[in-house]
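What follows is a short report on a single structure.
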């Protein structure tokens with residue numbers, strides 16, 4: 001859900017009004033001079049209208065086990081102060097004399113009134129600082145207010161060493177330093193088990209939890225204060241004492257099909273018959289096979305740079321990656337003009353939480369939560385909470401091809417989820433539900449409502465026969481749809 005933006009800042013309005021004020025005083029002097037020399041009976045009818053600018057409702061937020069952070073809530077729903085735009089002035093003039101003196105008299109009277117109006121308006125308005133943030137165009141979206149809570153503080157960020165993970169941690173570092181001048185933010189790069197085991201599909205060796213365990217251990221042992229994650233890589237169940245407390249503004253949630261450099265292909269439909277597609281994701285495999293049962297899937301592991309290098313060396317005809325990762329790392333040449341290679345979510349529903357950064361921290365650290373709260377983007381946190389609740393209800397992980405995508409728009413929350421067979425023995429099971437979802441409560445209440453919808457959609461999948469697919473996935477040792485060795 002997009003937050004309304006300020007197209008023109010109040011500082012700009014102040015500068016504009018000041019110029020009018022000076023012009024008004026000049027006109028005032030002119031008016032007195034002419035008026036002294038001129039006389040005429042002039043009738044003038046003046047009307048003015050001013051558009052009213054409404055203030056969005058700002059919801060106060062709080063986090064479980066932490067104080068209500070009302071001062072931070074306004075940064076999650078940026079609002080602008082009510083102010084008057086430049087008035088539109090219309091006039092009907094009736095003159096009783098056609099003499100030059102009469103015209104001069106009218107001009108004098110008009111200049112006098114206009115000058116007075118502009119001068120009074122310019123003196124009554126004062127500039128006010130406002131955080132106008134383009135939520136669609138830039139990543140930096142948070143602002144703090146009031147006391148500098150971070151001055152003198154030291155925050156240690158646990159992160160993986162991959163280029164994408166480092167980019168994400170550095171982004172959070174820069175945001176915290178911008179929000180809290182004087183704070184010291186230290187990055188702690190770590191190698192995880194998931195980074196080291198590259199010769200087996202994740203579904204066989206323990207799932208995505210292998211990418212976060214070392215980071216979570218550092219948190220629990222108090223060697224780190226927070227951990228930055230790609231939300232789709234975070235397991236549904238967290239260790240006791242930890243919480244995924246912050247969901248940042250979501251980037252592109254979709255998948256992208258990427259072709260070798262120099263390829264003339266532009267989209268999924270362009271792939272030749274029997275093309276070799278690199279992806280170890282069961283979710284992606286199941287959905288792609290519905291449209292292209294001829295495709296041959298090959299295992300693909302490693303960081304984004306490694307995967308692209310394998311693609312360009314001829315190991316694959318195409319690979320599937322998260323669009324957000326490509327864009328964050330600046331691989332703009334891999335996103336084709338018109339984004340034709342970004343796969344529509346209706347054709348390939350994303351993973352729960354895909355495209356969103358999240359921050360994990362200890363539940364016994366409310367002070368850290370308060371420092372981080374300006375980064376918590378409530379509209380996207382609602383959709384991610386809904387998706388993760390669905391996945392948690394289904395005990396989802398790498399072993400099962402589950403996808404889930406929630407959208408908050410026009411006061412409604414829509415959740416869709418899909419479950420497939422790891423053996424390709426049956427069609428995808430798809431369910432969705434939409435509910436009214438006004439943003440009229442505090443964060444814990446909004447989170448609970450979102451999670452309730454996620455669980456309801458998961459139960460709809462189970463009622464439609466998804467449990468058989470889940471049992472098959474967890475019983476099957478050699479998981480993977482159409483994998484070619």
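Residue numbers (the UniProt record's numbering): 1 to 485.
A virtual CB, placed ideally from N, CA and C, is assigned to each residue, including glycine.
Within 9 Å, strictly: CB atoms of residue i and residue j
i	j	result
residue 466	residue 349	no
residue 179	residue 375	yes
residue 288	residue 295	yes
residue 257	residue 341	yes
residue 472	residue 421	yes
residue 418	residue 435	no
residue 162	residue 346	no
residue 164	residue 192	no
residue 265	residue 318	yes
residue 190	residue 397	no
residue 450	residue 437	yes
residue 390	residue 411	no
residue 255	residue 343	yes
residue 408	residue 427	no
residue 443	residue 329	no
residue 224	residue 157	yes
residue 360	residue 271	no
Residues near residue i by beta carbon distance below 8 Å, same chain, minus five either side
i	result
residue 384	231, 247, 250, 352, 353, 356, 358 and 406
residue 273	294
residue 327	251, 252 and 335
residue 331	304 and 308
residue 291	268 and 347
Residue i burial status per 10 Å Cβ neighbour count (16 or more: buried)
i	result
residue 279	buried
residue 159	buried
residue 229	buried
residue 245	buried
residue 401	buried
residue 154	exposed
residue 333	exposed
residue 222	exposed
residue 454	buried
residue 147	exposed
residue 425	exposed
residue 314	exposed
residue 151	exposed
residue 323	buried
residue 325	buried
residue 364	exposed
residue 175	buried
residue 448	exposed
residue 367	exposed
Same chain only: Cβ atoms within 7 Å of residue i, ignoring 5 sequence neighbours per side
i	result
residue 177	183 and 185
residue 362	219, 241 and 242
residue 414	406, 407, 432 and 434
residue 276	296, 298, 316 and 317
residue 468	none
DSSP beta-bridge partners of residue i
i	result
residue 418	403 and 430
residue 159	189
residue 412	409 and 436
residue 361	226 and 243
residue 508	The structure shown does not extend to residue 508, since the chain is modelled only from 1 to 485, so the question has no answer here.
residue 184	154
Same chain, Cβ closer than 6 Å to residue i, neighbours up to 5 away in sequence not counted
i	result
residue 260	311 and 312
residue 392	236
residue 284	320
As an exercise, report each continuous beta strand (DSSP E) stretch of at least 3 residues that is fully enclosed by the stretch 421-476, in chain order. 429-436
* Asked: Which runs of the beta strand (DSSP E), 3 residues or longer, sit entirely within the stretch 222-261?
  -> 226-230, 242-247 and 255-258
* Going along the chain, which unbroken runs of the beta strand (DSSP E) with 3 or more residues stay wholly within the stretch 258-346? -> When DSSP assignments are scanned along the stretch 258-346, the uninterrupted stretches of beta strand (DSSP E) that are 3 or more residues long and fall wholly within it turn out to be 276-278, 296-298 and 318-322.
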